[in-house]
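Mapping the sequence shown onto numbering that gives the first Met the number 0, position 251 (from 1) lands on 250, and the numbers just tick up by one. We treat Cβ as the ideally placed atom computed from N, Cα and C, and that holds for glycine. If you're wondering where the values come from, they're calculated on a predicted model, not measured in any experiment.
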Amino acid sequence: MTESWRSLAWRWEGAAAAVPTSAEARQPAKAARRIERESLQKAVVMAAAVFRPPEPVSGRAWRCDTLSRGMAATGYAGEEGRLQARVDVDGTGAATVDTGVPVLDHLLGLLAEHAAFDLALEVAPGEPDAEVAAAGRALGQALSDALHAESVRGYGSAAVPADEALAHVALEASGRPLLVSNVDLSDMGVGGLATDLVARFLTQFAEGAGLTLHVRLIEGRDTQHVLEAIFKGLGVALAQSCRPRRRRESDG
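This is the structure we're talking about:
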């Protein structure tokens, strides 16, 4: 929101001018308080009309509304009304995520934090594999324009730890979607999430964003820590990719 409640109040269109009553004319401070109170009430009404939430996903209330409507969204992705995604790459790391898979919500929160992106993502209820795939593609599509802009680097790389785990993530906005990884956690699970679904998420994310994505596990035994290291590294690499090019890079 770029304007304060008070500035919105004084821009209220069609409102009658506030005029002090005869009694208030003898008490200027009281009149000023009443006028300000009425103006703020009008501002609330005006703001409610201006900042309407997006349509709910499959009839559900939009849980990400508080964050998303205050964001200057970089991208939006929708798939047959099943999902909503908004990303601000010039954010602070705030995230409101509801994929229906709590551990994935946690991992995406880490990604947003380490990328310093503001992220609002919601997926309608369904089978976990479908939800994970939809979330990955939605996030990729929402970031696609920012990653492929001519003014940004378009590549990034980071090795980030999570306790005993250490993962390296490198990516390029090549327009040739590809996931290459040495991580095989197909027989393991964490928080109710089969970790082969993470590979599906990353594959769909690369597809949606048009990324060549390399994920390498350098060290790690605890499955949750491994996943956290991967998503932290992905966040840092994405932040690097969205940075403005240096003059030398821009000139070719």
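Give the secondary structure of residue i by DSSP, where H, G and I count as helix, E and B as strand, and everything else as coil.
i, result
"T176", "Position check: residue 176 holds Pro in this sequence, whereas Thr was assumed. Reduced to three states, the DSSP call for P176 is coil."
"R136", "helix"
"L192", "strand"
"V182", "coil"
"P127", "helix"
"G284", "Given that the chain is displayed from residue 0 to residue 251, the structure contains no residue 284 and the question cannot be resolved."
"A228", "helix"
"T91", "coil"
"D221", "coil"
Once you ignore the five residues that flank residue i on each side, which residues in its own chain have a CB closer than 6 Å to its CB?
i, result
"L177", "T211"
"V179", "H213"
"A169", "S156, H213"
"G232", "A157, V159, A166, V168"
Excluding the 5 residues flanking residue i on each side, which residues of the same chain have their C-beta closer than 8 Å to its C-beta?
i, result
"R199", "D128, V131, A132, G135"
"H224", "A161, D162, E163, A164"
"A93", "L66, A111, D117, L118"
"L107", "A94, V96, T98, L118, L120, A134, L138, F230"
"V235", "H113, A114, G155, A157, V159, V168"
Within the continuous beta strand (DSSP E) that includes residue i, where are the two ends?
i, result
"T95", "94-97"
"T211", "211-218"
Which residues does DSSP list as the beta-bridge partners of residue i?
i, result
"P243", "V151"
"P160", "L165"
"E171", "Y154, T211"
Identify, in the order they occur along the chain, each residue of the same chain with its Cβ nearer than 7 Å to the Cβ of residue i, setting aside the five sequence neighbours on each side.
i, result
"P101", "G190"
"N181", "R215, L216"
"S150", "P243, R244"
"E206", "R136, G139, P176"
Kindly indicate the opening and closing residues of the alpha helix (DSSP H) around residue i.
i, result
"E112", "101-114"
How should residue i be labelled, buried or exposed, when 16 other C-beta atoms within 10 angstroms of its C-beta is the threshold for buried?
i, result
"D117", "buried"
"Q40", "Here the model assigns Q40 a pLDDT of 46, short of 50, so the residue's position is not dependable and the matter cannot be decided."
"E227", "buried"
"D162", "exposed"
"G266", "The chain is shown from 0 up to 251; residue 266 falls before or after that span and cannot be answered."
"G174", "exposed"
"T202", "buried"
"E121", "buried"
"E171", "buried"
"T91", "exposed"
"D97", "buried"
"R220", "exposed"
"S249", "Residue confidence for S249 is low, a pLDDT of 49 falling below 50, so the modelled location carries little weight; the figure read from the coordinates is stated next. The residue in question, S249, is exposed, as its Cβ has fewer than 16 Cβ neighbours within 10 Å."
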